[in-house]
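Peer 1: Everything in the sequence shown is counted per numbering that gives the first Met the number 0, starting at 0 for the first residue and increasing by one.
For each residue, glycine too, the CB sits at the ideal point set by N, CA and C.
Mind having a look at this structure? Questions to follow.
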Amino acid sequence: MTPLPFGGPPAEAGTVYLVGGGPGDPGLVTLRGAQLLATATVIAHDRLSPPEPLTLRRDDAELINVGKQPARHALSQDEINDLLVVKAAAGEAVVRFKGGDPFVLARGSEEAQACAVAGIPFQVVPGITSGIAAPAYAGIPVTHRSVAPAFAVVTGHEDPSKGATQADYAALARFPGTLLLYMGMGRLGEIAAALVDAGRPATTPVALVEWGTTPRQRTVTATLADVADRARQVGLASPAIIVVGDVVALRDEIGWFEQRPLHGMSVLVPRTRHQASELSERLRTLGADPVEAPTIAIEPSRATEALRDAVASLVDGAYDWVVFTSSNGVDATWAHVEQLGGDARWFSRVRLGAVGSGTAEALWQRGLLADVVPERQTTRALAQALIAAASAAAPRALLPRADLATPTLTAELRDAGWDADDIEAYRTVAAAELPDGVAERIRDGGVDAVAFASSSTVRNLVDLLGGTPPPATRIVSIGPVTSQTCREVGMRVDAEAESHDIDGLVAAVVAATRTG
Ligand SMILES: C[S@@+](CC[C@H](N)C(=O)[O-])C[C@H]1O[C@@H](n2cnc3c(N)ncnc32)[C@H](O)[C@@H]1O
0 MTPLPFGGPP AEAGTVYLVG GGPGDPGLVT LRGAQLLATA TVIAHDRLSP
50 PEPLTLRRDD AELINVGKQP ARHALSQDEI NDLLVVKAAA GEAVVRFKGG
100 DPFVLARGSE EAQACAVAGI PFQVVPGITS GIAAPAYAGI PVTHRSVAPA
150 FAVVTGHEDP SKGATQADYA ALARFPGTLL LYMGMGRLGE IAAALVDAGR
200 PATTPVALVE WGTTPRQRTV TATLADVADR ARQVGLASPA IIVVGDVVAL
250 RDEIGWFEQR PLHGMSVLVP RTRHQASELS ERLRTLGADP VEAPTIAIEP
300 SRATEALRDA VASLVDGAYD WVVFTSSNGV DATWAHVEQL GGDARWFSRV
350 RLGAVGSGTA EALWQRGLLA DVVPERQTTR ALAQALIAAA SAAAPRALLP
400 RADLATPTLT AELRDAGWDA DDIEAYRTVA AAELPDGVAE RIRDGGVDAV
450 AFASSSTVRN LVDLLGGTPP PATRIVSIGP VTSQTCREVG MRVDAEAESH
500 DIDGLVAAVV AATRTG
């Protein structure tokens, strides 16, 4: 892969890299960490290391989950140390990918010691620790000039009522600043009581931030007196950071992450396997947890000669228009241009039509500006816009389309006297199955909304699921044709996009979840 800017050199054979993955938001992985993940040959990860950055790995990298898995226990720390040493000694470039920072209330230091003892070269890549990041995403700064001049990072793993703890609760109660307790949810009541017994006022504000920086983030605020009861009522559990101190009150003023319109909503995005998921990115920006489910795959046409010959004839002026109804059509056509040794100049004698902004964008990426893009993203609107824009009497048009494309566009153009050459550019086939766990998650109501961008994804999802999603799941569609298909398969449509594009679909998801 292309080296990341500022990512440093690739992972070297025979070396162990202790990489902090940050608290969960994949965007908080450092550039150095991402570079090493992308070049390591072995990656050892666990439950608290963020999963998304692992997708950067090489295809041939060995991925080892050293945390608990359904069929077996977690590896012990000694076993993890041995694994890192053995793999590096065998010539692998090993990344030990950890949540937060590898040296903050974590056992990265022991892993470094094991490497040092075995004579294995190692490097440490610090990460953003959850004790700072989770409160920051909850709108709680760990220091503030007029509220808290210091913060202390403390383990809550020990039982303060047993006396013999490393953490000195009398000193912590006196500490002039914010306390950040990790791993304390199992002993929340004891910790709060120990701080009050040691002299912290029972009215001291406390925040609990669960799954901080991820779409699952939840925050509860309370006081030392009632925090354990509040956590129980709300069902808050590990992993969470316990923030003790007056900075907690700032959340009312500068909370931001949980205030985003789709925070905490999981939205299923059925899509083709190869499409870059702009929709997922947009939903994520608004706070949603997009669950991607490829339901259709795009495959090359079995009869490629027809499109190749048509593309070759562009330079001879065989067509007045080339009209695209998807970015896949643009991809397939451009592949022929490249294979034939052509470039954007081959389109200099034709005008270009695109069904919507995504298709126009695919053309633009090849240096081509669409002449006609209808306001409504439908093939009927495209036909009308083309007919209105045509200057010649019987325009000759090339339409590189999917094998299953609806006949509307071609029929309308022909009715208007066009000579329309509808050629199969690619095939859409149903995906064989949903990714692991996705079908169960949908059936169990673990998905708040489904965003359908086409009729074929509606039918394929229902086929793959063996039924429709449960009634509480909000169904959102990109336009009237997709909505009609939803109803035909027995689903109620909760919101339909006003503009039939990604913007419209995202706005409809927000509307559907608000009414939910
Ligand atoms: C073994 S410690 C590891 C800490 C990690 N090295 C760090 O720097 O964040 C695990 C504890 O970190 C905290 N933690 C980790 N990820 C978290 C997250 N996303 N939100 C809240 N707390 C988190 C929890 O208190 C959890 O019990």
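Looking at M182 and ligand 1, is the gap between the Cβ and the nearest heavy atom below 7 Å?
Peer 2: It does: the Cβ of M182 is within 7 Å (strictly closer) of some heavy atom of ligand 1.
Peer 1: Would you be able to state if there are at least three C-beta pairs under 8 Å between the stretch 2-20 and the stretch 84-98?
Peer 2: Touching, yes.
Peer 1: Please report the distance separating the alpha-carbon of V446 from that of E411.
Peer 2: Rounded to whole angstroms, V446 to E411 spans 40 Å at the Cα level.
Peer 1: Quick check: the Cα distance between T213 and D24, rounded to an integer number of angstroms?
Peer 2: Computed Cα separation, rounded: 5 Å.
Peer 1: Return yes when at least one heavy atom of ligand 1 lies under 7 Å from the C-beta of E257, else no.
Peer 2: Every heavy atom of ligand 1 is 7 Å or more from the Cβ of E257, so no.
Peer 1: Taking one C-beta from the stretch 215-231 and one from the stretch 191-206 each time, how about it: are there three or more such pairs within less than 8 Å?
Peer 2: These segments touch.
Peer 1: Ligand 1 heavy atoms versus the CB of S129: any closer than 7 Å?
Peer 2: Because some heavy atom of ligand 1 lies under 7 Å away, the Cβ of S129 counts as near it: yes.
Peer 1: How do the stretch 285-296 and the stretch 377-387 stand: do at least 3 beta-carbon pairs fall below 8 Å, yes or no?
Peer 2: Because the criterion of three Cβ pairs below 8 Å is not met, the stretch 285-296 and the stretch 377-387 do not touch.
Peer 1: Report yes if the C-beta of V103 is less than 7 Å from at least one heavy atom of ligand 1; otherwise report no.
Peer 2: Within the cutoff, so yes.
Peer 1: Can you name, in chain order, every residue of its own chain whose Cβ lies under 8 Å from the Cβ of L36, other than the five neighbours on each side?
Peer 2: Within the same chain, L36 has close Cβ partners V18, V28, I42, P52, L53, L55, R56, V94, F96.
Peer 1: From this set, T220, S300, V15, G66, which residue's C-alpha is nearest V233's C-alpha?
Peer 2: Here the closest residue by C-alpha is T220.
Peer 1: Is the beta carbon of D288 within less than 7 Å of some heavy atom of ligand 1?
Peer 2: Every heavy atom of ligand 1 is 7 Å or more from the Cβ of D288, so no.
Peer 1: I want to know whether the stretch 449-457 touches the stretch 474-481 - three or more CB-CB distances under 8 Å.
Peer 2: Touching, yes, given that three or more Cβ pairs across the two stretches are closer than 8 Å.
Peer 1: Which stretch, first to last residue, makes up the beta strand (DSSP E) that contains H44?
Peer 2: Per DSSP, H44 belongs to the beta strand (DSSP E) from 41-44.
Peer 1: Would the beta-carbon of G155 fall within 8 Å of that of I190?
Peer 2: Yes.
Peer 1: Return yes when at least one heavy atom of ligand 1 lies under 7 Å from the C-beta of W210, else no.
Peer 2: Yes, since a heavy atom of ligand 1 falls inside the 7 Å radius drawn around the Cβ of W210.
Peer 1: In whole angstroms, what is the alpha-carbon distance linking W345 and L313?
Peer 2: Going from the Cα of W345 to the Cα of L313 covers about 6 Å.
Peer 1: Please report how far the alpha carbon of V247 lies from the alpha carbon of V103, in whole angstroms.
Peer 2: Rounded to whole angstroms, V247 to V103 spans 22 Å at the Cα level.
Peer 1: From the DSSP output, in three-state form, read off Y168 for me.
Peer 2: In the structure shown, Y168 sits in a helix (DSSP, three-state: H, G or I).
Peer 1: Is the stretch 424-436 touching the stretch 322-332, taking contact as three or more C-beta pairs under 8 Å?
Peer 2: At 8 Å Cβ cutoff, the stretches touch.
Peer 1: Using only the alpha-carbon positions, how far apart do Q165 and L433 sit?
Peer 2: Going by the C-alpha atoms only, they are around 48 Å apart.
Peer 1: Using the Cα positions of V480 and S455, report the straight-line distance between them to the nearest angstrom.
Peer 2: Answer to the nearest angstrom: the Cα atoms are 10 Å apart.
Peer 1: Leaving aside the five residues before and after S48 along the sequence, list all residues of the same chain whose C-beta is less than 6 Å from its C-beta, in chain order.
Peer 2: Excluding positions up to five away in sequence, the list reads G20, F96, K97, G98.
Peer 1: What's the gap between the Cα of P140 and the Cα of L249?
Peer 2: Answer to the nearest angstrom: the Cα atoms are 8 Å apart.
Peer 1: In three-state DSSP terms, what is Y181?
Peer 2: Note: Y181 maps to strand in three-state DSSP.
Peer 1: At 4 residues or longer, and completely inside the stretch 458-511: list those alpha helix (DSSP H) runs for me, N to C.
Peer 2: Qualifying alpha helix (DSSP H) stretches, in chain order: 479-487.
Peer 1: Look at the alpha carbon of L235 and the alpha carbon of A401, and state the distance between them as a whole number of angstroms.
Peer 2: So the alpha carbons of these two residues sit roughly 49 Å apart.
Peer 1: Can you name the start and end residues of the beta strand (DSSP E) that W320 belongs to?
Peer 2: It spans 320-323 - the beta strand (DSSP E) in which W320 sits, taken as one unbroken run.
Peer 1: Ignoring anything shorter than 3 residues, give me the beta strand (DSSP E) runs that lie fully in the stretch 314-378, in order along the chain.
Peer 2: Those beta strand (DSSP E) runs which fall completely within the stretch 314-378 and span 3+ residues are 320-323, 350-353.
Peer 1: Please specify which runs of the beta strand (DSSP E), each continuous and at least 3 residues long, are wholly inside the stretch 127-158, giving them in chain order.
Peer 2: 150-154, all fully within the stretch 127-158.
Peer 1: Using a Cβ-based criterion (distance less than 7 Å to any ligand heavy atom), does D462 qualify as near ligand 2?
Peer 2: What this structure holds is ligand 1, not ligand 2.
Peer 1: L27 CB to nearest chain C CB: under 8 Å?
Peer 2: The displayed structure is made up of one protein chain only, and chain C is not part of it.
Peer 1: Ligand 1 heavy atoms versus the CB of L55: any closer than 7 Å?
Peer 2: Every heavy atom of ligand 1 is 7 Å or more from the Cβ of L55, so no.
Peer 1: In or out: I441 buried (at least 16 other Cβ within 10 Å) or exposed?
Peer 2: Answer is buried; the Cβ neighbour count reaches 16.
Peer 1: Just the C-alpha distance for A201 and G183, rounded to the nearest angstrom, thanks.
Peer 2: Each residue's Cα considered, the two are about 18 Å apart.
Peer 1: For D421, which beta-bridge partners are listed by DSSP?
Peer 2: D421 is bridged to L398.
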